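Some notes on the structure that comes next.
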Amino acid sequence: MLRWSRCGRAKSAPSAKVVVVTEPGTTFIDSFDGTRMAVHRLGAGRPVLLLHGLFSNAEVNWIKFGTAQMLADAGFEAIMLDWRVHGHSDSPTDPAAFPASVLVRDALAIVEALELVDYDLVGFSLGSRTAISAVIAGLAPRRLVLSGMGLEGLTNWRKRTAFFIDMIDRYNSIERGDPAFFAKSFMATQGIDRVAARLLLTQGVDSIEVAELDRLTMPTLVLIGDEDRDNGSPWRLADALPDARVEEIPGNHMTCVTRPEFGRAIVGFLSA
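Residue 44 in numbering that gives the first Met the number 0 is what sits at position 45 of the sequence shown, and the numbering runs on without skipping anything.
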């Protein structure tokens with residue numbers, strides 16, 4: 000059971016999570032270790048939990064370009080968390096705050112706190128990767144959307160994280176023209192704490208074995224920009240899943256979420 004407060008953090012029973020209402024549509028929920036997580040909600044209807052990508056947040060991935068509103072207009076409730084280190088959630092710099100699979104544990108904690116039983120699950124990039132791990136760990140959404148993700152983004156994640164760790168380590172010396180310049184600039188505009196981000200990348204994200212993908216038995220949409228192969232092949236990912244198909248929309252890894260086709264594809268799949 001959740002307790003709500005409009006004037007400060009509410010005390011809760013030992014098994015409950017603490018929720019504070021700060022403005023319409025936004026709550027804060029304590030995760031499994033007490034880290035405060037921001038959760039944004041829009042609409043009323045069938046719940047859809049949306050998990051954003053690395054260095055982004057709910058506002059950028061889901062709200063700003065209309066995806067959440069499309070879901071709300073179609074009769075869904077968009078439930079969008081900000082990962083720890085992102086958006087309005089806490090950014091701890093204690094290494095103890097980043098145990099293995101920390102984002103998966105955060106997702107499980109949010110589902111438990113909100114008492115979600117019959118819901119859909121949508122991820123983008125890191126959010127897709129985490130959605131897969133969360134299903135393997137026990138989440139059971141009715142339908143699953145994996146956007147901005149290919150098979151190599153699961154099997155070769157360490158290579159991907161090495162790029163971002165190197166960017167963080169060279170942060171002050173990266174100039175325009177450097178392959179890491181865009182990632183640095185995006186990270187800066189989102190106000191990401193570099194110490195916390197490095198801890199997340201080095202400690203908190205585990206590998207995924209291809210054999211484990213057999214456990215994702217729900218209907219799955221692999222949604223990808225036609226210029227996006229940042230995380231490898233979406234077709235190889237779909238082939239590794241029991242019940243999946245690929246849909247391409249215009250855009251690359253950064254721009255596809257800005258296109259109306261992105262939200263329409265998600266709504267269409269979840270409405271089927």
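No residue lacks a Cβ here, since even glycine has one placed at the ideal position from N, Cα and C. It should be emphasised that the depicted structure is a prediction, and the values quoted were computed from it without experimental measurement.
Next on the checklist: Please return the same chain residues whose Cβ sits closer than 8 Å to the Cβ of ILE191, not counting the five positions on each side in sequence.
Outcome noted: Within the sequence shown, residue 191 is the residue found at index 192, counting from 1. Excluding sequence neighbours, ILE191 sits near PHE54, VAL84, HIS85, SER90.
Next on the checklist: Quick check on the DSSP output: the beta strand (DSSP E) that includes THR219 runs from which residue to which?
Outcome noted: Locating residue 219 in the sequence shown gives position 220, where the first residue counts as 1. 219-224 is the extent of the beta strand (DSSP E) around THR219.
Checklist entry - Does DSSP put VAL103 in a helix, in a strand, or in coil? => result Residue 103 sits at position 104 when you count from the first residue of the sequence shown. Three-state result, VAL103: helix.
Item to check | Same chain, Cβ closer than 6 Å to GLY231, neighbours up to 5 away in sequence not counted | outcome: For this step, residue 231 is matched to residue 232 along the sequence shown. These residues qualify, in order along the chain: GLY149, LEU150, GLU151, GLY152.
Item to check | Between the CA atoms of MET217 and ALA195 - distance to the nearest angstrom | outcome: Locating residue 195 in the sequence shown gives position 196, counting from the first residue. Locating residue 217 in the sequence shown gives position 218, counting from the first residue. Distance between ALA195 and MET217, taken at the CA atoms: about 34 Å.
Item to check | Proximity below 8 Å, CB of GLY42 to CB of LEU70 | outcome: The residue labelled residue 42 in the question sits at position 43 within the sequence shown. The residue labelled residue 70 in the question sits at position 71 within the sequence shown. Taking 8 Å as the Cβ cut-off, GLY42 and LEU70 qualify as a contacting pair.
Item to check | With 16 other Cβ atoms within 10 Å as the buried cut-off, status of ALA57 | outcome: By one-based count along the sequence shown, residue 57 stands at place 58. Counting Cβ neighbours within 10 Å, ALA57 comes out buried, since at least 16 surround it.
Checklist entry - Tell me, which residues are paired with VAL280 by DSSP? => result This structure cannot settle anything about residue 280, because the visible part of the chain is limited to 0 through 271.
Item to check | Residues bridged to GLY122 [DSSP beta-bridge criterion] | outcome: Residue mapping note: residue 122 aligns to position 123 of the sequence shown, counting from 1. DSSP lists LEU50, LEU145 as partners of GLY122.
Item to check | 6 Å Cβ shell around ALA130 - same chain, five flanking residues per side excluded | outcome: As a position in the sequence shown, residue 130 is number 131, starting the count at 1. Result list for ALA130: LEU50, LEU120, GLY122, in chain order.
Next on the checklist: According to DSSP, simplified to helix, strand and coil, what is ARG228?
Outcome noted: Residue mapping note: residue 228 aligns to position 229 of the sequence shown, counting from 1. Looking at ARG228 - three-state DSSP - the assignment turns out to be coil, as it is neither helix nor strand.
Item to check | With 16 other Cβ atoms within 10 Å as the buried cut-off, status of PRO259 | outcome: Taking the first residue of the sequence shown as 1, we reach residue 259 at position 260. Exposed: under 16 other Cβ atoms inside 10 Å.
Checklist entry - Going by alpha carbons, who is nearest to ALA271 out of LYS63, HIS39, GLN68, PHE75? => result For the purposes of this step, residue 271 is taken as residue 272 along the sequence shown, with counting starting at 1. ALA271 has its Cα closest to that of PHE75, out of LYS63, HIS39, GLN68, PHE75.
Item to check | Span of the beta strand (DSSP E), counted from its first residue to its last, around GLU246 | outcome: The count along the sequence shown starts at 1 and reaches residue 246 at position 247. Per DSSP, GLU246 belongs to the beta strand (DSSP E) from 243-248.
Item to check | 7 Å CB neighbourhood of ILE167 in its chain, flanking five on each side removed | outcome: For the purposes of this step, residue 167 is taken as the residue at position 168 of the sequence shown. Taken in chain order, the residues that qualify are ARG193, ALA196, ARG197.
Item to check | Sequence-distant residues of the same chain with beta carbon closer than 6 Å to SER100, five excluded per side | outcome: Numbered from 1 along the sequence shown, position 101 holds the residue referred to as residue 100. ASP205.
Checklist entry - Which residue or residues does DSSP assign as beta-bridge partners of ALA37? => result Here the question's residue 37 lines up with position 38 in the sequence shown. According to DSSP, ALA37 bridges with PHE27.
Item to check | ALA77 (DSSP reduced to helix, strand or coil) | outcome: Taking the sequence shown and counting its residues from 1, the one referred to as residue 77 is at position 78. Looking at ALA77 - three-state DSSP - the assignment turns out to be strand.
Checklist entry - Does the pairing of the segment 106-114 with the segment 221-229 give three or more beta-carbon distances under 8 Å? => result no
Item to check | Alpha-carbon to alpha-carbon, LEU143 and PRO233 | outcome: Counting from 1 along the sequence shown, the entry for residue 233 is found at position 234. Counting from 1 along the sequence shown, the entry for residue 143 is found at position 144. So the two alpha carbons sit approximately 14 Å from each other.
Item to check | Spatial neighbours of VAL38 in its chain, beta-carbon cut-off 6 Å, leaving aside the 5 residues before and after | outcome: Numbered from its first residue, the sequence shown carries residue 38 at position 39. The residues are THR26, ILE28, LEU80.
Next on the checklist: Just checking ARG35 against the ligand ADP - is the residue's beta carbon closer than 7 Å to any of the ligand's heavy atoms?
Outcome noted: Looking for the ligand ADP in the displayed structure turns up nothing, as the structure carries no ligands at all.
Checklist entry - For ARG45, does the three-state DSSP call read helix, strand or coil? => result As a position in the sequence shown, residue 45 is number 46, starting the count at 1. Reduced to three states, the DSSP call for ARG45 is strand.
Next on the checklist: Taking a contact to mean a Cβ-Cβ separation below 8 Å, would you say VAL266 touches ASN60 in this structure?
Outcome noted: The residue labelled residue 266 in the question sits at position 267 within the sequence shown. The residue labelled residue 60 in the question sits at position 61 within the sequence shown. No, the pair does not count as a contact, with Cβ atoms beyond the cut-off.
Item to check | Proximity to PHE294 [Cα-Cα], best of THR154, SER184, GLY33 | outcome: Examination of residue 294 is not possible in this model, given that the chain is present from 0 through 271 alone.
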